[in-house]
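This report concerns only the one structure given below.
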Amino acid sequence: MVWATLRVPASSANLGPGFDALGLALGVYLECRFRPSARLEIRVSGREAEIIPTGEDNLIWQTAQRVAADVRETLAPIELEISNDIPIGKGLGSSAAALTAGVVIADNLLGLGWKALRILDEAARIEGHPDNVAACVLGGIVASAIDSGGAARAVRLELPAHFGVAVVVPDFDLPTTKARSVLPGSYSRADAVFNVQRASLLIAALATGATNAFPTALEDRIHQSYRAPLVPGLDEILKLRAPGLLGCVLSGAGPSVLVFYEKGYEPVCDLARQVFALHGHASEILWAQVANQGYELKQG
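Heads up: the sequence shown runs through residues 7 to 306, numbered per our numbering.
Written as structure tokens, this is what we have:
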């Protein structure tokens, strides 16, 4: 049987004020090769391969099975080779990439013929929020929402050519469930208005390349201050200011930090790494840049 190859990018969500709404795709990938098989066989290589399940509990396979059940089809076993470069448990959308991969694999093997927006809709329904999976599917920077009928809506744009992004990944994990558990159940009108203003300003700045909107456009009162006690050094990192540094935000639920900068000022990304070091944590800088294309599927 012929192999198919699928590549899905990592993602960073929220981007500061855009909680559960904004995301961007990163040039770090989950790659899968798959084909029908007489029995389920999963082999894993790459980053943190030892913690990725190779049986029925594998998230990619579970998602593919769930899609098959949703459309009342039966998915035959597959041979699946996974090569992972996405840090796991670090706020870089590893689970969203796996979910997206599972949906695409099911669509391919069942011959559903789904277009990208249908893939996004299914992945967002399974994930529970659309920001990471929208970036996985569409690439670039994505604003997304779930409409009143439960369908995912998303619009993408590209990062201005003179902007760069990097990710500072510390040496500790932060489970998303823990990061979400510290958030309040409601917010004041002042905090809600604060974030609506910043999220609007951020989208306008990203669409036009306006640098004078930063770092104000990255400020947030919805999630980062509540998660700061879980990420040593985050408060200081969010306050970093330097020529060429547009600003820093928590990547997804953390603990990684996404750094926006003006190209030519790459050394400013090391400032966040230095802050982590002051708090006793080593970290690495991923020069990922924004992936302008979402998932890619090739036959053969």
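Ideal Cβ placement from N, Cα and C applies to all residues, glycine included.
Extent of the continuous alpha helix (DSSP H) run through residue i
| i | result |
| --- | --- |
| E302 | No alpha helix (DSSP H) contains E302, which is instead part of the beta strand (DSSP E) from E302 to Q305. |
| S101 | S100 to L116 |
| L277 | D276 to L284 |
| L212 | R195 to T214 |
| I132 | A122 to E133 |
| L65 | L65 to D76 |
For residue i: DSSP bridge partner residues
| i | result |
| --- | --- |
| F266 | V171 and G253 |
| N14 | According to the sequence shown, residue 14 is Val rather than Asn. The partner list for V14 (beta bridge, DSSP) reads L36. |
| G29 | A19 and V148 |
| I48 | L86 |
| A165 | The sequence shown places Leu at residue 165, not Ala. None; L165 has no bridge partner. |
| A160 | S150 |
| R53 | Paired residue(s): none; R53 is not in a bridge. |
| V296 | L32 |
Spatial neighbours of residue i in its chain, beta-carbon cut-off 7 Å, leaving aside the 5 residues before and after
| i | result |
| --- | --- |
| T80 | A74 |
| A157 | D127 |
Pair within 8 Å by beta-carbon distance, residue i and residue j
| i | j | result |
| --- | --- | --- |
| L207 | A219 | yes |
| N20 | H168 | no |
| A31 | S17 | yes |
| V110 | L303 | yes |
| A104 | L36 | yes |
| V139 | T183 | no |
| V175 | E290 | yes |
| E319 | A102 | Residue 319 falls outside the range modelled here, since the chain spans only 7 to 306, and no answer is possible. |
| A213 | L252 | no |
Range covered by the beta strand (DSSP E) that runs through residue i
| i | result |
| --- | --- |
| V237 | Element bounds for V237: n/a, residue is neither H nor E. |
| E290 | S289 to L292 |
Beta-carbon contacts of residue i that lie in its chain and below 8 Å, excluding the five residues immediately before and after
| i | result |
| --- | --- |
| G61 | L46 and I48 |
| R204 | G22, P23, T222, A223, L224, E225 and D226 |
Contact set for residue i: own chain, Cβ-Cβ below 6 Å, skip 5 residues either direction
| i | result |
| --- | --- |
| Y271 | G250 |
- Looking at C-beta atoms only, is the number of pairs between the region 273–281 and the region 297–305 that lie closer than 8 Å three or more? Segments in contact, no.
- Is the region 106–126 touching the region 78–94, taking contact as three or more C-beta pairs under 8 Å? Taking 8 Å as the limit for Cβ pairs, the verdict is that the region 78–94 does touch the region 106–126.
- Can at least three beta-carbon pairs, one atom from the region 246–263 and one from the region 84–97, be found at a separation below 8 Å? The region 246–263, when compared against the region 84–97, does touch it at the 8 Å Cβ threshold.
- State whether the region 237–251 contacts the region 141–156, with contact taken as three or more CB pairs (one from each stretch) at a distance under 8 Å. No, the region 237–251 does not touch the region 141–156.
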